[in-house]
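Per this note's numbering, the sequence shown starts with residue 127, numbered consecutively.
Notes follow the structure.
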Amino acid sequence: MTAQQLQLLVAATGFAGVIDVALAALAFRNRDVPAAKRFGQLCLVAGAWALVSVPYQLTTSESTAGLLYLCILVCTLAVPPLFCTFALEYAGHGEALTRTRLALLWVPATTYIGFRMTTPLHQLVPGGFGSRLSTASPPLLDPRGCCSSLPR
């Protein structure tokens, strides 16, 4: 990936994040509309995902890339439960979202997030973020590809 392509990708990602946050603010304003609150939550998480991706794409520090990757992971794992709750409320089946069902919907995501966050304590995931960024360039400009800094 060339530097010009990286700049375009970063700009588009940042713009998408700003649009998502603006949609979340609009949904919050109209929270009395059915499913607007859930839509706002979904847009807020998608916006956070995009906005955290911008520094991740530009960082040259392994520790920063690792921290940002975990933040992106939290956002990505929050999208499916939020989408399910939004879809149910939008379809008019919001009464199906009991506390028990909501908890069950969030169990896989929170379990995985907890597992990933505590990896340094239990060492069950081999690898990590160590010594994969060999150049002083952002991960997307690394000749080995954009996934060179991700845990294996």
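Note that CB positions come from ideal geometry on N, CA and C, so glycine has one too.
The C-beta of ASP158 has fewer than 16 other C-beta atoms within 10 Å across all chains shown, which makes the residue exposed.
In the three-state DSSP reduction, ALA161 falls in the coil class, being neither helix nor strand.
If you look at GLN249, you'll find it isn't in any alpha helix (DSSP H); DSSP assigns it neither H nor E. The beta carbon of TYR182 sits closer than 7 Å to those of ALA191, LEU194, TYR195, ILE198, all from its chain and outside the five residues before and after it, given in chain order. Distance between LEU149 and CYS169, taken at the CA atoms: about 6 Å. Taken atom to atom, the span from the alpha-carbon of GLN133 to that of PHE209 is near 30 Å.
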